[in-house]
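Asks: Can you read through this structure? Questions will come right after.
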Amino acid sequence: MSEYVTVYQFFGSMIGLSIATLLYMLGGRKDKIIRRLGSATILAITNNVICLLRGAWSPWFLLMIPALFGGFSMGYGGDNTWTKFFRRLLYAVGVIGCGLIFCLVYGGKAWLLFVPHVGIGLWSIWLGIKNPIEAPAEEGLICSILNLILISYPYVHNIS
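Numbering (my numbering), first residue to last: 72 to 231.
Written out as structure tokens, the structure reads:
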């Protein structure tokens with residue numbers, strides 16, 4: 072596959088991630104369905120389409136849909152630390168679970184992405200509990216950074 076094709080495909084993945092991040096942040100304000108279904112659907116479709124285009128699709132990747140729906144379904148806020156922890160953990164597990172699916176299907180170097188993916192997931196939980204920045208910006212940061220790894224898995228497949 073041409074490197075230019077990969078450039079355009081990854082740019083398409085970034086557009087999908089940007090749209091999903093916007094919907095995630097908008098769904099954090101009101102109309103939670105935008106985050107729960109809209110953002111999760113955009114991410115799942117983006118990854119599945121890219122995998123199809125790269126000839127690296129597996130039916131197992133359809134499991135991203137319920138995993139992301141589950142991760143995006145809980146409200147992100149909380150009145151106490153344990154509620155915040157649990158909700159952020161659920162979100163991270165949903166996204167990282169999708170990464171695990173890629174690792175189980177692709178194997179090999181996909182696991183090299185999984186290690187930092189888990190680390191970023193743990194960091195996102197900590198960030199969400201400490202709340203150092205405004206909520207909309209924090210939601211955008213966490214959604215984009217955690218899912219940046221997720222949209223990178225399809226590009227591991229053809230690496231030997």
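Using N, Cα and C, we set each Cβ at its ideal position, and we do this for glycine too.
Since the model is a prediction, treat every value here as computed from it, not as a measurement.
Of the choices V189, V120 and G142, whose alpha-carbon is the least far from that of L133?
Replies: The option with the nearest alpha carbon to L133 is V120.
Asks: Taking 8 angstroms as the threshold (C-beta atoms), are T117 and S84 in contact?
Replies: Closer than 8 angstroms, so yes.
Asks: Please determine if the stretch 155-171 and the stretch 125-144 are in contact, where contact requires at least 3 C-beta pairs separated by less than 8 angstroms.
Replies: With a cut-off of 8 angstroms, the stretch 125-144 and the stretch 155-171 count as touching, because enough Cβ pairs lie within range.
Asks: If you compare alpha carbons, which of N218, V78 and P187 is closest to M135?
Replies: The option with the nearest alpha carbon to M135 is N218.
Asks: Just curious, the alpha helix (DSSP H) that P207 is in, first and last residue?
Replies: A206 to L221 is the span of the alpha helix (DSSP H), which, as asked, contains P207.
Asks: Excluding the five sequence neighbours on either side, which residues of its own chain have a C-beta within less than 7 angstroms of the C-beta of T92, listed in chain order?
Replies: Only G211, C214 and S215 meet the Cβ criterion.
Asks: Look up V186 in the DSSP assignment and say whether it is helix, strand or coil.
Replies: V186: helix per DSSP, three-state reduction.
Asks: Can you tell me whether DSSP reads N202 as helix, strand or coil?
Replies: DSSP places N202 in coil when its eight states are reduced to three.
Asks: Out of K155, L183 and R107, point me to the one whose CA is closest to G199's CA.
Replies: Nearest option by C-alpha distance: K155.
Asks: Hey, I222 and P187: beta-carbon distance below 8 angstroms or not?
Replies: Not a contact, by the Cβ cut-off of 8 angstroms.
Asks: Do R100 and S144 have their C-beta atoms closer together than 8 angstroms?
Replies: It is not a contact, given that the beta carbons lie outside the stated cut-off.
Asks: By how many angstroms is the C-alpha of Q80 removed from the C-alpha of W182?
Replies: Approximately 21 angstroms between the Cα atoms of the pair.
Asks: Mind checking whether V176 and S110 have CB atoms under 8 angstroms apart?
Replies: Cβ atoms of V176 and S110: not closer than 8 angstroms.
Asks: Which of the three DSSP states is assigned to M96 in this structure?
Replies: Helix at M96.
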